[in-house]
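Novice: In terms of our numbering, the sequence shown opens at residue 76 and continues consecutively. Here it is, the structure in full.
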Amino acid sequence: MNARMPTPQIDARPLGQILVARGLTTGEHVESALRTQGERGGLLGEILVAQGSVSKLQVLEALGAQLGLEVVQKLDHDAIDVALVGPLSIGYARDAELLPLKRDNGVLTVALANPMQLGALDDLRVLFGGVRIEPILVSPEVLAAAINYSFDRRARADQVVDDMEKGDSGVADIAMELEDAAKDILDEDDEAPIIRLVNSVLNQAAKEKVSDVHIEPMEKYVMVRFRKDGVLKEVVRTSKKFQPSITSRVKIMGNLNIAEKRLPQDGRIRIKVAGRDIDLRLSTIPTAHGERIVMRLLDKGSTTLDLKTLGMRESIRMAIDGICHRPNGILLCTGPTGSGKTTTLYSALMTINNPDINILTIEDPVEYQLEGIGQMQVNPKIDFTFARGLRATLRQDPDVVLVGEIRDLETAEIAVQAALTGHLVLSTVHTNDAASTYTRMIDMGVEPFLLSSSIAGILAQRLIRVLCKDCRQPHIPTDLELEQLGLDRNDPRVKAGTFFRAKGCPQCSMSGYAGRSGLHELLIPSEEIKRLVVSRADAGAIKRAAVAQGMATLLMDGAEKCLTGFTTIEEVMRIANADQADSQEQG
76 MNARMPTPQI
86 DARPLGQILV
96 ARGLTTGEHV
106 ESALRTQGER
116 GGLLGEILVA
126 QGSVSKLQVL
136 EALGAQLGLE
146 VVQKLDHDAI
156 DVALVGPLSI
166 GYARDAELLP
176 LKRDNGVLTV
186 ALANPMQLGA
196 LDDLRVLFGG
206 VRIEPILVSP
216 EVLAAAINYS
226 FDRRARADQV
236 VDDMEKGDSG
246 VADIAMELED
256 AAKDILDEDD
266 EAPIIRLVNS
276 VLNQAAKEKV
286 SDVHIEPMEK
296 YVMVRFRKDG
306 VLKEVVRTSK
316 KFQPSITSRV
326 KIMGNLNIAE
336 KRLPQDGRIR
346 IKVAGRDIDL
356 RLSTIPTAHG
366 ERIVMRLLDK
376 GSTTLDLKTL
386 GMRESIRMAI
396 DGICHRPNGI
406 LLCTGPTGSG
416 KTTTLYSALM
426 TINNPDINIL
436 TIEDPVEYQL
446 EGIGQMQVNP
456 KIDFTFARGL
466 RATLRQDPDV
476 VLVGEIRDLE
486 TAEIAVQAAL
496 TGHLVLSTVH
506 TNDAASTYTR
516 MIDMGVEPFL
526 LSSSIAGILA
536 QRLIRVLCKD
546 CRQPHIPTDL
556 ELEQLGLDRN
566 DPRVKAGTFF
576 RAKGCPQCSM
586 SGYAGRSGLH
596 ELLIPSEEIK
606 RLVVSRADAG
616 AIKRAAVAQG
626 MATLLMDGAE
636 KCLTGFTTIE
646 EVMRIANADQ
656 ADSQEQG
């Protein structure tokens, strides 16, 4: 511990007198506080602080003098023995306002924020086998930070696995339902090792803001990996003997059939981590070494549904805003799985979500609950498909309809007819870029003249990692790198801009990147593009025409973000594939 103050001698005088004797307040202020205490109750020290007569630290020091306890202004977290919180729950530590810090030669040092809780020290004395307790006083804020650190560190997956490897008692005892799905997993004090491990993995994933958790059985061990900013990294490995129990625990949380191990299953888990509500989409598949589990985290609290936060150029944002305020037409968002299409469409909906517009969605699954919007989830088991849901939706007098994905001709034709009959339709399609969306829809069987009349805009997007501003380093690009971006060294933008490369620091977990943003390519069909579509021109011809009319491709957007130091050339080239680069050169 550091910032320690000398242990005072016991001062038996009342708290108010000690503060007055130290010249920290006046007798009048103490009398006023005592009158308030008599009328309303409460602690004298808290009343004096509320009145502005003294500070919290001054009251703490006076209490230390009154009780003969040392006062510590700051705790060194690295010096805390987190193993000592093993027998405790985080709820108990918070309620009792104490935390064991270290054990040395039969003496247990305990941080205490409320001297009125001295009785709780007797519990610790019994719990730790009759050790001598040495309490120190700290402020509530210092204690809260230390409690959060200690329990968070104890809950890390690697720490739990170490405990399990030392002794696996209770491994088989995991067939229990969650009593309360909304219970904060940090508050669960269940000592079953498997439950602790699963909770620790989810807690750590939520804290690190990962998008997916992979639990992968191998021949001789089970591996847990996190996907963060689009990149997978290994977190922990555990013994193969724990695999059945881990799988069963996760399946119980997702209300899946733990006896069915031969077929894929999908489910949903709702948890609360450190007060944050998090939904998890759960998927299991059978593999040669056991069931493989993937959980996608949907953190309602950390997602901001606002087009301004998605990394779009202002011109693209304004164009999408204009499309969303049209009375009819189709806005399509395209890109690979996990590229943020749903978030973009949700954000677009929020720009027009108000009481005088009827907005309905058909999704698979409903990822975020949007207030004021009617949301439906498809269910193939009962033949409730996108097409069937879209038909039903059109009988609900909608102004705007969001279709999670156009997968087949039937859904595509209904969406086109809806757009042509006075509805605004938003949806997604899986294509490489904006121009190839036309050819994809024509390949489905949609008539080209219907597409040219109904599509108002097509947005292609990817997610790229953003450079960590704490450690990024200036970089002079090679001629080859500039050529890959479609730039030239004599370009004024290259001369004026600054390129950076990733390095890595503790703030970004040594990755060199912190968070993700979007690359965008918006195609607004002109009359020439509509003629090309009707004549069934290929995607390359449509793309060249769009670029000639001012469309910035994904590669162009990436080059611009490199010029401004937003990301790296390597990251853009990882995302923008070779055929996009070829199209850019041809354009």
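Virtual Cβ for every residue (Gly too), placed ideally from N, Cα, C. All of these numbers come straight from a predicted model, not from anything done at the bench.
On the CB-based measure, 16 or more other CB atoms within 10 Å of its CB, does VAL129 come out buried or exposed?
Specialist: VAL129 is buried by the Cβ-count criterion.
Novice: Which one or two residues does DSSP pair with MET451 in a beta bridge?
Specialist: Note: MET451 sits in a beta bridge opposite ILE437.
Novice: So is GLY365 buried or exposed if we call it buried at 16+ other beta carbons inside 10 Å?
Specialist: Its Cβ being crowded by 16 or more others within 10 Å, GLY365 is buried.
Novice: Grab the span of the beta strand (DSSP E) containing THR460 for me, first residue to last.
Specialist: Neither: THR460 is in no beta strand (DSSP E) and is coded neither H nor E.
Novice: May I ask you to report which of helix, strand or coil DSSP gives LEU212?
Specialist: LEU212 falls in the strand class under three-state DSSP.
Novice: Using a Cβ-Cβ cut-off of 8 Å (strictly less than) and excluding sequence neighbours within five positions of GLU252, which residues of its own chain qualify?
Specialist: Residue confidence is low: GLU252 scores 33 on pLDDT, short of 50, so the model does not pin down where it sits. Its coordinate-derived value is still stated next. Contacts found: ILE327.
Novice: With a 10 Å radius around its C-beta and 16 neighbouring C-beta atoms as the bar for buried, classify PRO600 as buried or exposed.
Specialist: Classification of PRO600: buried, given that the 10 Å Cβ count is 16 or more.
Novice: Have a look at the DSSP bridge pairing and note the partners of MET425.
Specialist: MET425 is not bridged to any residue.
Novice: Determine the contact status of THR584 and GLU283, defining contact as a CB-CB distance below 9 Å.
Specialist: Per the sequence presented here, residue 584 reads as Ser, with Thr not at that position. Their beta carbons are under 9 Å apart, which means SER584 touches GLU283 by this criterion.
Novice: Are LEU501 and LEU420 closer than 9 Å when you measure CB to CB?
Specialist: In this structure, LEU420 lies closer than 9 Å to LEU501 by Cβ.
Novice: Any idea if GLN536 is buried or exposed, counting beta-carbon neighbours within 10 angstroms, 16 or more meaning buried?
Specialist: Flag for GLN536 reads buried.
Novice: Using the DSSP secondary-structure output, state which residues sit across from MET393 in a beta bridge.
Specialist: Beta-bridge pairing links MET393 to no other residue.
Novice: Taking the alpha-carbon of ILE93 as reference, which of VAL134, GLY117, LEU118 has the nearest alpha-carbon?
Specialist: Nearest C-alpha to ILE93: VAL134.
Novice: If you reduce the DSSP assignment to three classes, tell me which class GLU442 lands in.
Specialist: Reduced to three states, the DSSP call for GLU442 is coil.
Novice: Taking VAL608 as the reference, give the member of ARG515, HIS595, THR643 with the closest Cα.
Specialist: The shortest C-alpha separation from VAL608 is found at ARG515.
Novice: For CYS543, which residues does DSSP report across the bridge?
Specialist: Answer is none; CYS543 lacks a bridge partner.
Novice: Does DSSP put PHE641 in a helix, in a strand, or in coil?
Specialist: Correct three-state label for PHE641: coil.
Novice: Does ASP354 pass the burial test, meaning 16 or more other C-beta atoms within 10 Å, or should it be called exposed?
Specialist: The residue in question, ASP354, is buried, as its Cβ has 16 or more Cβ neighbours within 10 Å.
Novice: Throw me the rounded Cβ distance for the ILE644 and LEU560 pair, which I believe falls under 8 Å.
Specialist: About 6 Å; that satisfies the 8 Å criterion.
Novice: Kindly indicate the opening and closing residues of the beta strand (DSSP E) around ALA186.
Specialist: It spans 182-187 - the beta strand (DSSP E) in which ALA186 sits, taken as one unbroken run.
Novice: What three-state label does DSSP hand GLN318 in the structure shown?
Specialist: Helix at GLN318.
Novice: According to the neighbour-count rule (16 or more other Cβ atoms, all chains shown, within 10 Å of its Cβ), is VAL201 buried or exposed?
Specialist: By the neighbour-count rule (16 or more Cβ atoms within 10 Å), VAL201 is not buried but exposed.
Novice: Would you kindly report the start and end of the unbroken beta strand (DSSP E) that includes HIS550?
Specialist: Note, HIS550: beta strand (DSSP E), 548-550.
Novice: Would LEU307 be called buried (16 or more neighbouring beta carbons within 10 Å of its own) or exposed?
Specialist: Classification of LEU307: exposed, given that the 10 Å Cβ count is below 16.
Novice: Between THR417 and THR503, is the Cβ-Cβ spacing less than 9 Å?
Specialist: A contact, by the Cβ cut-off of 9 Å.
Novice: Since I believe GLU603 is in contact with ALA627 (beta carbons under 8 Å), could you give me their beta-carbon distance rounded to a whole number of angstroms?
Specialist: Their Cβ separation, rounded to whole angstroms, is 18 Å, which puts ALA627 and GLU603 out of contact at 8 Å.
Novice: What three-state label does DSSP hand GLY587 in the structure shown?
Specialist: It is coil, neither helix nor strand.
Novice: With a threshold of 6 Å on Cβ separation, who are the neighbours of HIS152 within its own chain once the five nearest residues in sequence on each side are excluded?
Specialist: Answer for HIS152: TYR224, listed in chain order.
Novice: Could you check what DSSP says for PHE203 in three-state terms: helix, strand or coil?
Specialist: If DSSP states are grouped into helix, strand and coil, PHE203 belongs with coil.
Novice: Inspect the beta-carbon positions of ILE360 and PRO339 and report whether they are closer than 9 Å.
Specialist: Yes, Cβ-Cβ distance for ILE360 and PRO339 is below 9 Å.
Novice: With DSSP as the reference, label PRO361 as helix, strand or coil.
Specialist: Three-state result, PRO361: strand.
Novice: For the beta strand (DSSP E) that contains GLY342, what are its first and last residues?
Specialist: Looking at the DSSP string, the run of the beta strand (DSSP E) that includes GLY342 is 340-348.
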